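From first to last, the protein sequence lines stand for chains A and B. Note that our numbering numbers the first sequence so that position 151 is 153, with each residue one more than the last. Note that our numbering numbers the second sequence so that position 106 is 1097, with each residue one more than the last. Structure record follows, encoded as structure tokens.
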Amino acid sequence: MNWRGELIAAGAFAIRNLQMASRNVFLIFELLFWPVVGVVQIGLMSQFLTLSAEEKSFVLIGQMAFSIVGTCQLDVAYSVLYDFWSKSMKHHFLAPIGIRHLTVGSWVVGILRGTVVFGLTGGLAWYGFGFNPFAAGVMPVVALLVGCYLTAWIVGVFVCVLILLFGGRAETAAWASINLVLALAGIFYPVSLLPWWAAAVGAAIPLTYFLDAYRAHFGFTAEFAFPVVTGLVLSALYVALSHVTLHAAVNRARRTGLLLKMSE
Amino acid sequence: MLAIDAREVAKTFRAGLIRRRETPALRGVSLTVERGAVFGLLGPNGAGKTTLLSILATLLTPDRGEVYVLGLDVRREADAVRRRLNMASGNASFLWNLRIPEILAFYGRLYGVHGATLRRRVDELIHTCELDAHRRVPYNELSTGLKQRLALAKSLLNEPELLFLDEPTLGLDPDVSARLRRHIASLRSERGMTIVLTTHYMREAEELCDEIAFIKAGQILARGTADQLKRQIAIGDVIAFRLDPGAGARLGEMTGVLRATPTSDGLECTVDSAEKRLPELLAALHGEGATVRGVAVREPQLEEVFVELAR
């Protein structure tokens, strides 16, 4: 494997996503508006409901994770969506690159933007509502962020797969899927509160475990044993699975001609 | 040595889950193209030109048949094939708010070009394709001609050995088309590139291509140089008479006259052999008392071959 070539190709997508984002008016909304509004709403609601400090931290952690995963997964989905919207899909697949370059390059930008969102929402939660994300130290924060970014990668690739399988009809999935995943991952409530079948699905989502591990540092009993390890193992499994699925979806698009249709 | 060796390539597009619809696009196409040649694919809309080009460029997988590009199997060695070819199409599209150098740099990196080499190559291509004055303009604000020149510049980023051009002058005005054709011609003469192009413009095919294949309903109906095709199709010679309006109305019924078409200043007769029929036609016109103010004999245009084959 030629690492230099790998980095150049993945870097191409990272640079492109940064250039696109820097000229996108919606960037302000994705990066500043929605995350900030979200934390303010949840923070004020927790004050109105006179939640305890622990309960307040529970929902604010959920809101922060929601914004970080949402922003990061959009970047991964953009790796295909930008070209779908501009009908330039075929140019990538004409070049000697792999889908790993496409997704990893975009994911790197997603991590950058997700970290900015964490800084903003964490700072606001601390300043406005007295919740210090670093109260338990740096490592729990790092573990949470890793969990958020891995989940975002998996959901983003899943969206890319849907676009390559169903074209424009799947575009809504880019916006809707993350909400479903986060709802099942117990973003604002313990997973045990869900009906058994939904809780079972929630237990299959890596973020569930990273949230559980982080919240355990803020006075909540962990629902799962070894949550970080379980989350990482699940993530590794899904990353491999989603990569294989995306590869198959590209091959199918080459077979059916969808790749060409999406470039016309 | 062959740049393209395709044997019995077939492709059918399928759609619909409940009501399956099948559209055969290629029905056993075999094609060889020599290295360093400029090869034209002509045919009506929906003939299978773009499908064939896409299969050769690894964008589409054939249902059956074998395809070797630059000696490599497009199915098993797709990545190696992709490194050595590129493609530009007349209706190409790029990311709407990126600028010309950014678009070229992005695709250049996908081919492993980077650093100073990338900057130099991007600058060279911008200059060669006459895009210097538009470096700062976002893609969606470029004119059709500039977009097409950008598509061509993008297709040269990896200095391909084989270049596919899918209707490269589609929708361009004559002046820009002529400049683009000159540029395409120089790619072969200066870089020895093999070029396969599809076009609807016969003049373009005649001007650029060493050889032409005519494709219709997913099959290659004829192949050869423009002159060979004209002879092969045997649509005859054209004799144009300058006559008074209404004169020569009965010429179409004469032996050897395949078609008689009134024109603005007379009549055009397509005959099996001008040498043989011209005296007979002149005698017939003389017999009916028509005044012949001029006669011109010409070979059929490639366009007429196209019309004949597409019929």
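Idealized CB from N, CA, C, for every residue including glycine. Predicted model, so just to flag it, every value in this text is computed and none were measured.
Own chain partners of residue i with C-beta closer than 6 Å, once the 5 adjacent residues on each side are dropped
| i | result |
| --- | --- |
| Met-66 (chain A) | Thr-123 |
| Gln-75 (chain A) | Ala-154, Val-157, Gly-158 and Ile-180 |
| Pro-1015 (chain B) | Thr-1003 and Gly-1209 |
| Gly-1285 (chain B) | Arg-1233 |
| Leu-51 (chain A) | none |
| Phe-131 (chain A) | Gly-45 |
| Val-106 (chain A) | Ala-12 |
Beta-carbon spacing of residue i, residue j below 7 Å
| i | j | result |
| --- | --- | --- |
| Ile-180 (chain A) | Gly-116 (chain A) | no |
| Val-1113 (chain B) | Pro-1092 (chain B) | yes |
| Asn-19 (chain A) | Asp-77 (chain A) | yes |
| Leu-126 (chain A) | Val-39 (chain A) | no |
| Thr-1042 (chain B) | Leu-1017 (chain B) | yes |
| Leu-1171 (chain B) | Ala-1144 (chain B) | no |
| Arg-1140 (chain B) | Leu-1161 (chain B) | no |
| Ser-265 (chain A) | Met-22 (chain A) | no |
| Ser-1146 (chain B) | Ala-1079 (chain B) | yes |
| Tyr-151 (chain A) | Ile-113 (chain A) | yes |
| Ser-59 (chain A) | Phe-133 (chain A) | yes |
| Gly-1034 (chain B) | Arg-998 (chain B) | no |
| Ala-1028 (chain B) | Asp-1201 (chain B) | yes |
| Phe-68 (chain A) | Leu-147 (chain A) | no |
| Leu-1063 (chain B) | Asp-1157 (chain B) | no |
| Ala-1038 (chain B) | Lys-1207 (chain B) | yes |
| Thr-938 (chain B) | Arg-1026 (chain B) | Because chain B is modelled from 992 through 1302, residue 938 (chain B) falls outside the range shown and cannot be assessed. |
CB contact below 7 Å: residue i versus chain B
| i | result |
| --- | --- |
| Lys-92 (chain A) | yes |
| Lys-89 (chain A) | yes |
| Tyr-84 (chain A) | yes |
| Ala-97 (chain A) | yes |
| Arg-102 (chain A) | no |
| Ala-14 (chain A) | yes |
| Ile-10 (chain A) | yes |
| Leu-33 (chain A) | no |
| Arg-254 (chain A) | no |
| Leu-51 (chain A) | no |
| Leu-355 (chain A) | Chain A is shown from 3 up to 266; residue 355 (chain A) falls before or after that span and cannot be answered. |
| Leu-260 (chain A) | no |
| Gly-132 (chain A) | no |
| Gly-7 (chain A) | yes |
Close-in-space but distant-in-sequence residues of the same chain around residue i (CB under 7 Å, 5 per side omitted)
| i | result |
| --- | --- |
| Asp-1235 (chain B) | Ala-1281 and Thr-1282 |
| Glu-225 (chain A) | Pro-192, Val-193, Ser-194 and Asp-214 |
| Leu-99 (chain A) | One point to set straight first is that residue 99 (chain A) is Ile, not Leu, in the sequence displayed. Excluding residues within five positions, the ones whose Cβ falls inside 7 Å are Ala-11. |
| Val-82 (chain A) | Cys-162, Ile-165 and Leu-166 |
| Ala-1265 (chain B) | Asp-1228, Ile-1230 and Val-1288 |
| Gly-1239 (chain B) | Phe-1232, Leu-1258, Leu-1276 and Ala-1281 |
Short CB-CB distance (under 7 Å) between residue i and chain A
| i | result |
| --- | --- |
| Asp-1070 (chain B) | yes |
| Tyr-1192 (chain B) | no |
| Gly-1103 (chain B) | yes |
| Thr-1185 (chain B) | no |
| Thr-1052 (chain B) | yes |
| Asn-1036 (chain B) | no |
| Arg-1170 (chain B) | no |
| Arg-1126 (chain B) | no |
| Ser-1045 (chain B) | yes |
| Arg-1074 (chain B) | yes |
Cut-off 8 Å between Cβ atoms - residues of its own chain near residue i, not counting five sequence neighbours on either side
| i | result |
| --- | --- |
| Ala-1 (chain A) | The requested residue 1 (chain A) does not occur in the structure, where chain A is confined to residues 3 to 266. |
| Pro-1129 (chain B) | Trp-1087, Asn-1088, Leu-1089 and Arg-1090 |
| Ile-1211 (chain B) | Val-1020, Ser-1021, Leu-1022, Ala-1204 and Phe-1205 |
| Asp-1164 (chain B) | Gly-1136 |
Any chain D beta carbon closer than 7 Å to residue i
| i | result |
| --- | --- |
| Met-1078 (chain B) | No chain D appears in the structure shown, which is made up of the protein chains A and B. |
Which whole runs of the alpha helix (DSSP H) in the stretch 996-1077 of chain B are 4 residues long or more, in chain order?
1040-1047 and 1069-1075
Give the residues from the stretch 16-28 of chain A that approach chain B closer than 9 Å (Cβ to any Cβ), ordered along the chain.
Ile-17, Arg-18, Gln-21, Met-22, Arg-25 and Asn-26
Run through the stretch 1258-1294 of chain B for me and flag every whole beta strand (DSSP E) of 3 or more residues, listed as ranges in chain order.
1285-1289
Residues, ordered as in the chain, of the stretch 157-171 of chain A that lie near chain B by beta-carbon distance below 9 Å
none
Contained alpha helix (DSSP H) runs [length at least 4] in the stretch 106-187 of chain A, N- to C-terminal order:
140-168 and 173-186
Please list the residues of the stretch 108-124 of chain A that have a C-beta atom closer than 8 Å to any C-beta atom in chain B, keeping them in chain order.
none
For the stretch 209-223 of chain A, enumerate the residues whose C-beta is nearer than 8 Å to any C-beta of chain B, in chain order.
none
Mind listing, in chain order, the continuous alpha helix (DSSP H) runs of no fewer than 4 residues lying wholly within the stretch 193-258 of chain A?
198-204, 208-217 and 229-258
If the cut-off is 9 Å on Cβ atoms, which residues from the stretch 999-1017 of chain B count as contacting chain A, listed in chain order?
Lys-1002, Phe-1004, Arg-1005, Ala-1006 and Ala-1016
Chain A contacts from the stretch 1083-1117 of chain B (Cβ-Cβ distance under 7 Å):
Ser-1084, Phe-1085, Leu-1086, Trp-1087, Asn-1088, Leu-1089, Glu-1093, Phe-1097, Tyr-1098, Arg-1100, Leu-1101, Tyr-1102, Gly-1103 and His-1105
By the 9 Å beta-carbon criterion, what residues does the stretch 1224-1257 of chain B contribute toward chain A?
none
Which complete alpha helix (DSSP H) runs does the stretch 1088-1173 of chain B hold, if anything under 4 residues is left out?
1091-1101, 1106-1119 and 1135-1146
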